[in-house]
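Visitor:
The following block contains the structure:
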């Protein structure tokens, strides 16, 4: 994260001002408010742990925060740093990540004194007038309780869990993330979570590359269920009556029993009262969906890929390949290029490229896209869905 931040800060000439870079919480977007909320909650917990000599717990809390900040905030904010326009949103991204990195350098200073000094000196000591020269001379951070938002933390945690399950369902179906899909369907446990889903739907669409997000109250269930007796638990308790219980489970309304088992409730079957751990519930994905569950939430992605969606997947693959070619050619992330993409004439891939020229241009910083490679271009051949595509690029003159 430190390398990512300093790379783009140098490119944009971004510098911290003399004033605090914690933006007013009122106008920040939800992603920035979440990062600042989690940061202040971390300051509170680490301070308490270190004051009570719980050094390992403090270290683990910092590690967890860093992982979440990297895997959620930074990954979801990359485009905000990439974009050429220097707008309010881009400045908020810089300010938020800067605040997090500076505060982290102070929190880890007692535990990792040298790396924290390196970060702090570059971020603050050499750049902010009047700031202490060393992180070990700086004041310890103080948590701002007013920006800690528990409701925001809960719904962002929900978004992260559902996104993780969505990625697992894609992986299980063998569908890469760059392939757009029609819908993500989720099974939730309460009206409050369904209300939160509306607030995190845009994040899930971006994360999982789907066009629609909805819960199962708007459609048929994602799952069919098969019920089985848990023989190690039921055998010693009921002996030969297990066969009768098996028959009752076969005749029961599977969805109702599955719901009761998930809720940890007693299940009444005939004369038997079964504990939830005495019934095994096998989840079977509904037709047209790839489904994953973690025992609390269940999500499904639509696996039907229309020609339109497949075309979008092709151009995302091509944009990804061009980005790798740029990197291998030693280009800076801000360099603009002339680009050629030559796919077999009349192929679905060639048609997709022609329909999405603007998208490819924006993603790859291409000022022009042609079919034939010029002599000065380095040529690369790649396979897209089994079709050979030739790509050539050259940096535009400064």
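Residue numbers (our numbering): 44 to 441. Positions of the beta carbon are idealized from the N, C-alpha and C atoms, including for glycine. A quick note: this is a predicted structure, and the numbers were derived from the prediction, not measured.
1. Taking the straight line between their C-alpha atoms, what separation do you get for residue 53 and residue 267?
2. Where does the unbroken alpha helix (DSSP H) through residue 402 begin, and where does it stop?
3. DSSP three-state label for residue 175, please.
4. Which class does residue 219 belong to by DSSP, given the choice of helix, strand or coil?
5. Would you report the Cα separation of residue 192 and residue 95, rounded to the nearest angstrom?
6. For residue 424, does the three-state DSSP call read helix, strand or coil?
7. Drop a sphere of 10 angstroms on the beta-carbon of residue 442, count the other beta-carbons inside from all chains shown, and report buried for 16 or more, exposed for fewer.
8. Assuming residue 269 and residue 297 make a contact with CB atoms under 8 Å, what is their CB distance in whole Å?
9. Please go through the segment 155-208 and give each complete alpha helix (DSSP H) segment of 4 or more residues, from N-terminal end onward.
10. Take the Cβ of residue 246 as the centre, count every other Cβ of all protein chains shown within 10 Å, and call the residue buried at 16 or more, exposed below.
11. Tell me residue 325's beta-bridge partners as DSSP assigns them.
12. For the beta strand (DSSP E) containing residue 363, name the first residue and the last one.
13. In or out: residue 115 buried (at least 16 other Cβ within 10 Å) or exposed?
14. Is the separation between the beta-carbon of residue 142 and that of residue 79 shorter than 9 Å?
15. Between the Cα of residue 311 and those of 294, 326, 327, 325, spot the shortest distance and give me the residue it belongs to.
16. Determine the direct distance from the alpha carbon of residue 437 to that of residue 151, and round the result to whole angstroms.
17. Based on the DSSP secondary-structure assignment, which residues constitute the bridge partners of residue 255?
18. Decide yes or no for the touch test of the segment 273-289 against the segment 233-253: beta carbon pairs closer than 8 Å, at least 3 of them.
19. Would residue 445 and residue 82 qualify as a contact pair, given that the criterion is a beta-carbon distance under 9 Å?
20. By DSSP, does residue 345 sit in helix, in strand, or in coil?
21. Can you tell me the Cα-Cα spacing of residue 202 and residue 230, whole angstroms?
22. Cβ atoms of residue 184 and residue 90: under 9 Å apart, would you say?
23. Contact defined as beta carbons within less than 8 Å: I believe residue 45 pairs with residue 144. What is the distance between those atoms, to the nearest angstrom?
24. What do you get for residue 341, buried or exposed, if any count of 16 or more other CB atoms within 10 angstroms of its CB means buried?
25. Below 9 Å between beta carbons: does that hold for residue 346 and residue 216?
26. Looking at the unbroken beta strand (DSSP E) that takes in residue 383, where does it start and where does it end?
27. So, at 6 Å on beta carbons, what are the nonlocal neighbours of residue 378 in its own chain, with the 5 sequence-adjacent residues on each side left out?
28. Tell me the DSSP bridge mates of residue 333?
29. In the DSSP output, which residue or residues are listed as bridge partners for residue 312?
30. For the beta strand (DSSP E) that contains residue 54, what are its first and last residues?
31. Can you list, in chain order, the residues of its chain whose CB lies under 6 Å from that of residue 77, leaving out five sequence neighbours each side?
32. Go ahead and label residue 58 buried or exposed: buried means 16 or more other beta carbons lie within 10 angstroms of its beta carbon, across all protein chains shown.
33. Exposed or buried, what is residue 138 when buried is set at 16 or more other beta-carbons lying within 10 Å of its beta-carbon?
Guide: Taking the structure as given:
1. 54 Å
2. 400-407
3. coil
4. coil
5. 25 Å
6. strand
7. With the chain covering 44 to 441 only, the question about residue 442 has no answer from this structure.
8. 7 Å
9. 156-163
10. buried
11. 269
12. Careful: residue 363 lies outside any beta strand (DSSP E), inside the alpha helix (DSSP H) at 350-371.
13. buried
14. yes
15. 294
16. 44 Å
17. 226
18. no
19. It is not possible to answer for residue 445, since the shown part of the chain is limited to 44 through 441.
20. strand
21. 13 Å
22. yes
23. 6 Å
24. buried
25. yes
26. 380-385
27. 438
28. 344
29. 315
30. That residue, residue 54, is in no beta strand (DSSP E); its alpha helix (DSSP H) goes 45-55.
31. 195, 199
32. exposed
33. buried
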